[in-house]
Structures are given as C-alpha cells and as structure tokens.
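Number of protein chains: 2
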Amino acid sequence: MKKLINDVDNVVVEQLQGMALAHPELKVNIDPHYICRAVTGDKVAVVSGGGSGHEPMHGGFVGYGMLDGACPGEVFTSPTPDQMYECAKAVENGKGVLFLVKNYTGDVMNFETAAELVAAEGIAVQSILVDDDVAVKDSLYTAGRRGVGLTVLMEKIVGAAAEAGCDLDTCADLARKVNLNGRSLGMALTSCTVPAAGKPTFELGEQEIEIGIGIHGEPGIERATMKSVDEITEILTTRILADKGYTRTIREWDRVANDWVEKELVDEDLNSGDQVIAFVNSMGGTPLSELYAVYRKLDEICTAKGITIVRNLIGPYITSLEMQGCSITLLKVDEELLKYWDAPAQTPGFVAR
Amino acid sequence: MKKLINDVDNVVVEQLQGMALAHPELKVNIDPHYICRAVTGDKVAVVSGGGSGHEPMHGGFVGYGMLDGACPGEVFTSPTPDQMYECAKAVENGKGVLFLVKNYTGDVMNFETAAELVAAEGIAVQSILVDDDVAVKDSLYTAGRRGVGLTVLMEKIVGAAAEAGCDLDTCADLARKVNLNGRSLGMALTSCTVPAAGKPTFELGEQEIEIGIGIHGEPGIERATMKSVDEITEILTTRILADKGYTRTIREWDRVANDWVEKELVDEDLNSGDQVIAFVNSMGGTPLSELYAVYRKLDEICTAKGITIVRNLIGPYITSLEMQGCSITLLKVDEELLKYWDAPAQTPGFVAR
C-alpha cells in the first residue's frame, strides 16, 4: 500500500488538521470529529456526515450555500451519534436542524440516535434519507438502496434553500423531493485500499470491471469484461432511465408525535420531456478527461430519449479513495430545484458564483 | 489498460466533444483543436496550451477571469502552431495576445512559430515561459527547467489582470513576475498510462516512489523507498525553499525589433518573512484527503521557516492522467499578485467568487 499518510491510525485526524489549517473559515473539531462553519447563520442548520474516504464529500461541502456541519467517521465507517449531536449543537441557531443521511445501516442508526438526542433538548429536528443507487435493493451495508451521488446534489440544493431562509419543514420537503427525483449508478475499473486494511477491498482482473459498485466497493449488478466508454455509459444510463416508481418505507422524525413515523415514499418517474441535472462523478482515480467522454455519450442517450440535460456537474465529488471508475446521477428538476442549484455557494469543494 | 475511452485514436476528440456539450459557454473547435470563450472580451487575449492529459489544465481554465483560449495537443504531446495561431485569431480583439508557455522543447518551438505567425499579421503578441520545476535543470523534454504547477497560478493571476483591463505589456510583466517568484516540485507513487502506448510510462515497485517527477512521468531527482507523508512533504518543501536565484536565458518576442530577444532572468529568493500562495496538487489519482495531510506538514514547515501561507489551493488542477502522487508549488506574493489571485473567476475547472 502506497499512500500519502503517516500512521494508519491517524489518517482521518491528520487530514482534518490539514483541512483546519487550509480553511480558517471553518471550525474543525477534533474530539469528537466534526467540521462546521466558524460563524453560524440565522437559518436552518443543515448537517450531514458519513464515513471518510469520499472527499470532498461531506466536509468539503461545509460553507456558504451548502452544509453548516459535517461529521466524518473513520474511513468507510459511520460517524457516531455524539459527533452528530455535538455538531448539530454547534451550528443550531434556533431554526432547527436538518440531517441529510445516506442510507447505510450504521449511518441511519446513528443519525436516528442523534436526532433523538437533539430533539430531547427541545431543538426542532428533521432527518431525510438519500437512497438513490439503482444498483441493488439490499446489500451488505443497507436495507433498501444505498445513498450515493445524489447526496452531492441534495446538499447543494437544500443548502441553498436554507441559506435563502426557508424553514425546517420546507428544507426537509425539498430534500425528500430531491431524493424522489434522483437516481444514480456507478462502476469500477479498479478497487481501492482502506488504509487500516492495507490491501485492496476487492480484486478486479486486468479485463474486469464491476457494474453497480457502491462507494465503499460493495459489489453491484455484475462483474463484466472491460468495455468501451460508450458501452459502459449506455449500460449505466439505460438502467437509470429504466428505473420506475421505486417504493420504500422509511422512518422520519415526527416533531408533533416526538417519535419516528413510517412513510411509504415512491420515486417520481423520469420520462421523455423531462429536464435533468446530470452529474458524472469520478470514483477518485479516474481522470477528468475520461468523465467528459462519459458525458458525451450520456448527453447523446438522454437527447435520444427526449430528456434534456439543463445543468451538469463533472468531476470527483463523492469518491471512494483512489478507486478508478465513475458514477452517473440524473436528477429530474423543475424551476424550484434549478433555482437552488444555481444559487451561489462557497465551500472548499464546491464554489458557484 | 482499463480506461473510460473508446478508440485510442479518438481519445482527445471525444473528450473535447464531451466538454463542448457540457460547457456551451465555450467554443470547442475540433479542426484544429482549441477551446475558447464563445464570446470574446474587449481585453488582452490570454492563450495557453500543451499536451492533453493534465486536465483540468488548460482547457478547463478557459472562461471569465482566466484564459481566453487553450490548445490541447494529443496526450502528453505539444499542440501545433496552427492550433495556437487559429486559437489566437479566434480570441484576439485588438488588445493583443499573450501566450503562456510551459517550458518543454516542443511547446516552446511551436509557440514561437505561432507568435511569429500572429505577429506577421500585425497583431501585438507576447510570449512568456513558465519554468518552475526545481527538480532538474535539463531533461528529456526540456532545456532548462520544466513548467509545472505554477502554470495554474499564472493562468489565474494573469487572467484576472487581463480581465481587469491591464494592457499586453502589463500582463506579460505580471506573468514574468509570477514565474520568477514561484517554484514547484512533485513526486509519484505510481505511473500513468498514455492511451496510445497502452502500458505504464514507467514502473515503480511496491515500495518505490519517484521524487522530482515531471507531469509526463519524466524521471526526477531520485527513486526512493516509500516514506511517510511527513517525510515526503519535508523532502519536497526543503528542496523548494533551498532553491535560490535560479538564472536562465530565455527568448521573448520583441515587438519593436519584430524578432526574438534573449533575456537573462533571475528568480526572486523566498525568505523568512515572505508571504506565499501554497498549491498542493494531485497528480490525478491521489485522493483529496491525502493532499490535506501534505498541506498539514507543509504549513508546519513554512511556519517554522517564517514563511506565511496566505492563500492555498488544494486539489487536482495539473494532473498526469491517473498518476498517484502530488506536487507542491510555492509562489511568493505581494499585494498585486494577491489582488489578482482573489479576483472572481468562472471556468469549468476553477471558480472563485
């Protein structure tokens, strides 16, 4: 294993220390780990978090127009409830806290505990799941779909709404709307190596790729032989476009009942005539140039299907360490979502004028 | 070789086509290859270029506040004079053209021819070299030092000056000033694979790293055994800080003589008490998180030496395809350079508010 690290036990701490030095506009708390804005705003506090190793997500999206706080766990490991609780307390400013939670068993459980702790202090809290990965319904790490690339778009859009002064319920509704209108699928050319493990998470042969990979290297739909970028893009896009009406039962916090309630939520279909934000993401080790080759074919397929890409995001935003590969996310948008997507943002990992 | 490509012969064209679809605010010309702003400004036209494979540089830096045009060659291959000439003609608007040229034999020769072609049409032209790599004085690709990470900072700063209305001579003087105040050094953990070659440019063992690597995989100072990020950062930074008064003779176009003139240029020293912009760059395949570990140590070393990092840039901006590794660039700054560094920019690869 060759990585730019010192002791594997200190990887996350030292990266956070570097981030603190580079970004004095952020507060980086080491015990417990969380990153938040140095100055809190008079607004709904939007907080996310998850395992490290996906940078710039989430810590790199803390700042004006996006997150108020982020809780990094160890690499590919959920953060703990006390991180989420302390982070929420640090940024909460009377308008309540919105947790944005990727659907992994550990993250869900710990954010639920954190929400209860925050609510117990009389602070208004909402918690919205992201489960956009059309690859698999249940997996090693999840009941239901995994939360992947759509998280980035959700953090941008909901962060902008909070910045614009929307209240907690409006922000939560918007986050839910993003989730029900977005879908993702990824693939890997190579594995990645978690520092503490010291060896690749999985092995792929010289001519093998993994379709439907998760952001922790979880297996997906199939292990296939190497294909052209056009073929790979077609497989990913076709599967995303074919996905209709996914239904899941999720738990959301009910502030009146002061308890969790179950909700059945159904995805909005994506059809000819729709407008989308298209996000082509590098898993970490794939060059930007190759993502443009993916985008070229993606645009062709969407156009042929009558779907118009009205905005795009291309680059490494939700990564799996140095894994080579890409993911595609399509988010159906209306005027409201576009307005918040286009709003300015100033974070280490995402700037919009 | 596993890459997100179709035919190796079409790699650059298809990536440019993707870029054209993703960025309608740019004009992407296919024959010959160049990328420029769709709408030219009433200002000095700043044009750069070089081999592909270093994305987002240079094409990703075309836009408001940075470049007016960029000429991508084939992967790791200089663009041709006709690309540079056509690009310059497309963006020139009566205020002259400034070429920013990385010091590689092919690039220098071709940009010289292009400058002569442009000048022959009565268009004011200047051409400034970047040669910031302290690793080696002469190499496979260069007479003198190679042009590496400083190019990104130069394109930002000079682009901002042109946007602010500075004339051609002022922009050229500023570019020269950036070059004489900046130094870089890089290292590699792994090689990269040029698509047309189909195999890694060089081989590094499981415990080997290359100190002083060039952005095309050129060998550098030494092949060393794997070290901690603190040790690697110390080696790079110490060598950068120890570099004093580098002197070279370069050729610049003289508009009065209508010919090339030789100039002896001497670097400004970097000393205790100075302020710098610190740029920690990924060679492509190294995760952002590891760059923060580099930055942590870099900040510590600079602080101990009495050098204050007043701005930073951390991420993959001048890459070598999927190579793992990093480079460090330190640019000594004054009020003038900082003002232009802080100015807004809107390009696919760099946004500043």
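Those sequence lines, one after another, are chains A and B. Quick note: the first sequence, position 284, residue 284 per this note's numbering, numbers continuous. Positions in the second sequence are counted from 1; adding 1000 to them yields this note's numbering. Think of the CB as a built atom: it goes at the ideal place given N, C-alpha and C, for glycine as much as any other residue.
Quiz item: Could you check where the alpha helix (DSSP H) with residue 17 of chain A kicks off and where it finishes?
Solution: 11-22
Quiz item: According to a CB-to-CB cut-off of less than 9 Å, which residues of the segment 11-25 of chain A neighbour chain B?
Solution: 11, 12, 14, 15, 16, 17, 18, 19, 20, 21, 22, 23
Quiz item: Is there a Cβ from chain A that is less than 8 Å from the Cβ of residue 1009 of chain B?
Solution: no
Self-check item: Chain-ordered chain B contacts of residue 326 of chain A [CB-CB under 7 Å]
Solution: 1004
Exercise. Under 7 Å between beta-carbons, which chain B residues line up against residue 333 of chain A? List them in chain order, please.
Key: Within chain B, no residue comes near residue 333 of chain A; the closest Cβ sits about 16 Å away, beyond 7 Å.
Self-check item: residue 300 of chain A in three-state terms, based on DSSP
Solution: helix
Quiz item: What is the residue span of the beta strand (DSSP E) that residue 337 of chain A lies within?
Solution: No beta strand (DSSP E) contains residue 337 of chain A, which is instead part of the alpha helix (DSSP H) from 335-341.
Quiz item: Rounded C-beta distance between residue 1237 of chain B and residue 1328 of chain B? I'm assuming under 8 Å.
Solution: 6 Å
Exercise. Have a look at residue 1207 of chain B and residue 1044 of chain B and give me their C-alpha separation to the nearest angstrom.
Key: 48 Å
Exercise. Please name the residue, chosen from A:250, A:138, A:63, A:149, that lies closest to residue 220 of chain A on a Cα-to-Cα basis.
Key: A:138
Exercise. List in chain order: all unbroken beta strand (DSSP E) runs of 3+ residues lying wholly within the segment 255-314 of chain A.
Key: 259-266, 275-282
Exercise. Give me the Cα-Cα distance between residue 109 of chain A and residue 341 of chain A, rounded to the nearest whole angstrom.
Key: 29 Å
Exercise. Note the first and the last residue of the continuous beta strand (DSSP E) segment covering residue 85 of chain A.
Key: That residue, residue 85 of chain A, is in no beta strand (DSSP E); its alpha helix (DSSP H) goes 81-91.
Exercise. Quick one: give me the first and last residue of the beta strand (DSSP E) that residue 30 of chain A is part of.
Key: No beta strand (DSSP E) holds residue 30 of chain A; DSSP gives it neither H nor E.
Quiz item: For the 8 Å Cβ check, are there 3 or more pairs between the segment 295-315 of chain A and the segment 270-283 of chain A?
Solution: yes
Quiz prompt | Short Cβ contact (8 Å threshold) for residue 1349 of chain B with residue 1060 of chain B | solution = yes
Self-check item: For residue 152 of chain A, the three-state DSSP class (helix, strand or coil)
Solution: helix
Exercise. Compile a chain-ordered list of the residues in the segment 268-291 of chain A whose CB is closer than 8 Å to at least one CB of chain B.
Key: 284, 285, 286, 287, 288, 289, 290, 291
Quiz prompt | chain B contact for residue 230 of chain A (CB, 8 Å cutoff) | solution = yes
Quiz item: Which chain B residues are close to residue 201 of chain A, counting only those with a beta carbon under 8 Å from its beta carbon?
Solution: Those within 8 Å of residue 201 of chain A in chain B number zero; the least Cβ separation is about 14 Å.
Exercise. Determine the burial state of residue 294 of chain A: buried for a count of at least 16 other Cβ atoms within 10 Å of its Cβ, exposed for fewer.
Key: buried
Exercise. Return no unless some Cβ of chain B is closer than 8 Å to the Cβ of residue 155 of chain A.
Key: no
Exercise. Could you have a look at residue 1250 of chain B and say whether DSSP puts it in helix, strand or coil?
Key: strand
Self-check item: Partners in chain A for residue 1226 of chain B, counting only beta-carbon separations shorter than 8 Å
Solution: 2
Self-check item: Cβ neighbours of residue 1038 of chain B in the same chain (closer than 8 Å, five flanking residues each side left out)
Solution: 1024, 1025, 1026, 1027
Quiz item: At what residue ranges does the segment 1152-1227 of chain B contain a whole run of the alpha helix (DSSP H), taking only runs of 4 or more?
Solution: 1168-1181
Quiz item: Who are residue 1072 of chain B's beta bridge partners in DSSP?
Solution: B:1050
Quiz item: So, do the segment 1106-1120 of chain B and the segment 1054-1069 of chain B have three or more beta carbon pairs nearer to each other than 8 Å?
Solution: no
Quiz item: Across which residues does DSSP place residue 1132 of chain B in a beta bridge pair?
Solution: For residue 1132 of chain B, which the question treats as bridged, DSSP gives no partner whatsoever.
Quiz prompt | For residue 38 of chain A, three-class secondary structure by DSSP | solution = coil
Quiz item: Among the residues of its own chain, which have a CB less than 8 Å from the CB of residue 1054 of chain B, if the five just before and after it don't count?
Solution: 1215, 1318, 1319, 1320
Quiz item: Does any residue of chain A bring its CB to less than 8 Å from the CB of residue 1250 of chain B?
Solution: no
Quiz item: Based on Cα-Cα distance, which residue from A:82, A:241, A:300 lies nearest to residue 185 of chain A?
Solution: A:241
Quiz item: The alpha helix (DSSP H) spanning residue 118 of chain A covers which residue range?
Solution: 105-120
Quiz item: Could one say the Cβ of residue 68 of chain A lies closer than 8 Å to chain B's Cβ atoms, at least one of them?
Solution: no
Quiz item: Start and end of the alpha helix (DSSP H) containing residue 1236 of chain B?
Solution: 1229-1242
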